[in-house]
Amino acid sequence: LQCAAKKQTFSSLDELLENSDKPVLVDFYATWCGPCQFMVPILDEVSVTLKDKIQVVKIDTEKYPSIADKYRIEALPTFIIFKDGKPHERFEGALAADQIIQRIENSLQVKQ
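In structure tokens:
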């Protein structure tokens, strides 16, 4: 598991979610997925912009199929915002940085 903002490796997503002091945006992707590759610089921008509000984590569904199955990932890229260790909101497909930032901010404000 890789974190975009902080280069850390965790033994499990559950461990990361339990130990995170802020909400986590998980990007489920695959190396062969064109839209996923398109999202790399966009997620870096989101990570920097919202570094005080959210942690961004990328999960390669080819390397971790059991995690993808657990969260029923069917389309790539799929993004799930986890809050207090639980799935809070999900959205799919390539989006612009400002759209993702808006969704995250709305999600964290509305459903506190």
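Reading the sequence shown from the start, the letters are residues 1466 to 1577 in our numbering.
Glycine included, each C-beta is placed from N, C-alpha and C at the ideal position.
Original post:
Are the stretch 1534–1551 and the stretch 1483–1496 touching, with three or more C-beta to C-beta distances below 8 Å?
Top reply: yes
Subject >> Residue from Gln1520, Gly1550 and Val1505 with nearest C-alpha to Asp1483 >> reply: In the sequence shown, residue 1483 corresponds to position 18, counting from 1. Note that residue 1483 corresponds to Glu in the displayed sequence, not to Asp. Residue Gly1550 is the option with its Cα nearest to Glu1483.
Subject >> Residue of Gln1567, Ser1477 and Asp1486 minimising C-alpha distance to Lys1523 >> reply: Along the sequence shown, read from residue 1 onward, the residue named residue 1523 stands at position 58. For Lys1523, the nearest C-alpha among the options comes from Ser1477.
Original post:
Going by beta carbon distance, what residues of the same chain come within less than 8 Å of Thr1526, once the five residues before and after it are set aside?
Top reply: Along the sequence shown, one-based indexing puts residue 1526 at 61. So the qualifying residues of the chain are Phe1493, Tyr1494, Ala1495, Ile1532, Ala1533, Ile1538 and Leu1541.
Subject >> Of the residues Pro1488, Phe1503, Trp1497 and Ser1572, the one placed nearest Ala1561, counting alpha carbons only >> reply: Here residue 1561 corresponds to residue number 96 of the sequence shown, with the count starting at 1. The option with the nearest alpha carbon to Ala1561 is Phe1503.
Subject >> Glu1527, DSSP secondary structure in three states >> reply: Position 62 of the sequence shown, counting from 1, holds the residue named residue 1527. Of the three classes helix, strand and coil, the one that applies to Glu1527 here is coil, per DSSP.
Original post:
Roughly how many whole angstroms lie between the Cα atoms of Glu1557 and Asp1486?
Top reply: As a first step, residue 1557 must be located in the sequence shown, where it is residue number 92. As a first step, residue 1486 must be located in the sequence shown, where it is residue number 21. The alpha-carbon atoms of Glu1557 and Asp1486 are separated by roughly 25 Å.
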